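In terms of our numbering, the sequence shown opens at residue 26 and continues consecutively. To start, the structure under review is shown below, and the notes come after it.
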Amino acid sequence: MLQNVCILGATGSIGQSTLKVLAEHPEQYAVFAVTGFSRLDVLVQICQQYQPKFVVVPKALQDQLHQACFEHKITQTEILTDNAGLEYVASHPDVDVVMAAIVGSAGLLPTLAAVRAGKRVLLANKEALVMSGDLMMQSARQSQALLLPVDSEHNAIFQCLPESYCVQPNIEHFGISQLLLTASGGPFLNMGRQELAAVTPAQACKHPNWSMGQKISVDSATLMNKGLELIEACHLFAVPEHLIKVVIHPQSIIHSMVQYIDGSTLAQMGNPDMCTPIAHALAWPKRIATTVPALDLFTQHRLDFQEPDHFSFPSLNLARMAMKAGGVMPTVLNAANEVAVDAFLSKRITFTAIPEIVESALSRIEYSPAMSIEHILAIDAQARQIASQDVSQKGR
Ligand code: NDP
Ligand code: MG
């Protein structure tokens, strides 16, 4: 039966890869709703090609989109705006699958709306889960939403776990000893602190293996991406932080591994292309074809592994500390990081100032348990304010 898909963040890197996968299976999936934030030209082109029922943009762009739709003779698509529009499409009764691919904390409420509505939610927007952690997992259990990981590492782990793990996520029951989260190391692997202080946003956004949005590219370069992924994995798989080890694997061929108490290590491998985890999460427990070429082990001669350098890349341990502390601390970590990455991208602070700003925010906001989504949003705002003050001080 045809499944209706809502793509939150359709104009982004994950959004575009999702549309590519859907376009290869028009008999199985229809694009029901798409959302964008600033790239109107891309959004208009998507509406022309896929004819969704709804498109969501910020209110400030509504008139412009209206005009563009008129000029391109797009008549079948209704325009909605802002968070109300995002939440409406994410929880629409006709929607079967929601791709959560908005970047950063802006994705929290719409992703949560999809989870609360009991959808099949393909989770790319890791920041939403980092912020809301147990609350989102609880909501998913209550609504029986199917929260499927799109992040390549988590998708790999999911593929290496027994199928019934998602019904009963218990590492002891299934004899799991450890999760190995692989990391490419980003564009600055093996660089020292001094060299890192001088890197530019353009260099940080040039990832050796993956083509991604700017924010996650910078996160990959600082290793904060792996830190966020560590927190994401703790929640998705109900695994304590100390049983998740990060392994630098520069070729990005093994996307992550699960170790079992009998000495087995299961790995999921493939060429680094997000269409694979997207297709997996869309069709699970079935499989659908993609255009990603199969791995050719004769051309891939080496698989290397090394320990992360925590001195030059302190972000990973900051995330570990935040997860260990629990409560609102991961929300603080995420908010301060978003502010710092934004400041680095607009050249207001250096690359090495990013973890300093995150560390400072973590030390200035006291631990408290995360009581509700409103509480999390208030802490997010507080951490942003503190981090913004730090940015202006460092920028001087
Ligand atoms: P992009 O920057 O390429 O895309 C982000 C999307 O979010 C765009 O559609 C953008 O709209 C929209 N957006 C940005 N800000 C807002 C806002 N305030 N409100 C509503 N929508 C907004 O990012 P990616 O596709 O790379 O990443 C998306 C998410 O997926 C991130 O959380 C990332 O960590 C995660 N992820 C990405 C991977 C990748 O390979 N790219 C891999 C694993 C996870 P517009 O473009 O119109 O401005
Ligand atoms: Mg990842």
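Note that the Cβ used here is the ideal one computed from N, Cα and C, for glycine as well. Keep in mind it's a predicted model, so treat the numbers as computed, not measured.
Three-state class that DSSP yields for residue i in the structure shown
i      : result
PRO265 : coil
TYR113 : helix
LEU322 : coil
ALA246 : helix
TYR54  : strand
GLU257 : helix
ASN234 : coil
ALA138 : helix
LEU328 : coil
LEU27  : coil
ILE11  : With the chain represented from 26 up to 421, any question about residue 11 goes unanswered, as that position is not in the structure.
Contact under 8 Å by Cβ, residue i with residue j
i      : j      : result
VAL271 : LEU341 : yes
GLY211 : ALA246 : yes
HIS274 : ASP329 : yes
PRO380 : PRO339 : yes
HIS280 : SER177 : yes
TYR307 : VAL146 : According to the sequence as given, residue 307 is Leu; it is not Tyr. Result no, Cβ atoms of LEU307 and VAL146 do not sit closer than 8 Å.
VAL1   : ASN150 : The chain is shown from 26 up to 421; residue 1 falls before or after that span and cannot be answered.
Residue range of the unbroken alpha helix (DSSP H) whose run includes residue i
i      : result
CYS230 : Here CYS230 belongs to no alpha helix (DSSP H), and DSSP marks it neither H nor E.
PHE369 : 354-370
ASN342 : 340-350
SER42  : 38-48
GLN70  : 65-75
VAL224 : No alpha helix (DSSP H) holds VAL224; DSSP gives it neither H nor E.
GLU399 : 398-420
Where the beta strand (DSSP E) through residue i begins and ends
i      : result
SER388 : Note, SER388: premise wrong, no beta strand (DSSP E); alpha helix (DSSP H) at 378-389.
PHE95  : Looking at the DSSP string, PHE95 is not in any beta strand (DSSP E); the run it does join, the alpha helix (DSSP H), is 87-96.
THR106 : 103-106
PHE79  : 79-82
VAL123 : 122-125
Notebook entry, point to check: For the segment 143-217, which segments carrying the beta strand (DSSP E) assignment without a break, of at least 3 residues, lie completely within its bounds, in sequence order?
Noted result: For the segment 143-217, whole beta strand (DSSP E) runs of length 3 or above, ordered along the chain, are 145-148, 171-174, 201-208.
| request: Please determine if the segment 114-132 and the segment 30-39 are in contact, where contact requires at least 3 C-beta pairs separated by less than 8 Å. | output: yes
Practice item. List in chain order: all unbroken beta strand (DSSP E) runs of 3+ residues lying wholly within the segment 266-315. Key: Counting only runs of 3 or more residues that sit fully inside the segment 266-315, the beta strand (DSSP E) segments are 269-273, 279-285, 290-294, in chain order.
**Prompt:** Should the segment 382-397 be called in touch with the segment 347-354, which here means at least 3 C-beta pairs below 8 Å?
**Reply:** Yes, the segment 382-397 is in contact with the segment 347-354.
| task | Could you say if the segment 91-107 and the segment 135-143 meet the contact criterion of at least three C-beta pairs nearer than 8 Å? | result | A contact between stretches requires three or more CB pairs, one per stretch, nearer than 8 Å, and the segment 91-107 fails this requirement with the segment 135-143.
- prompt: Is it a yes or a no for the segment 355-371 touching the segment 302-321, going by three-plus beta-carbon pairs under 8 Å?
  reply: Look at the beta carbons and you see the segment 355-371 not touching the segment 302-321: under three pairs across the two are nearer than 8 Å.
Quick check: the segment 150-165 against the segment 58-74, are at least 3 beta-carbon pairs closer than 8 Å? no
Legend entry - Sufficient close CB pairs (3 or more, under 8 Å) joining the segment 410-420 to the segment 368-375: yes
Cβ pair count under 8 Å reaching 3, the segment 277-294 against the segment 194-201 = yes
Between the segment 292-300 and the segment 250-259, are three or more C-beta pairs nearer than 8 Å? no
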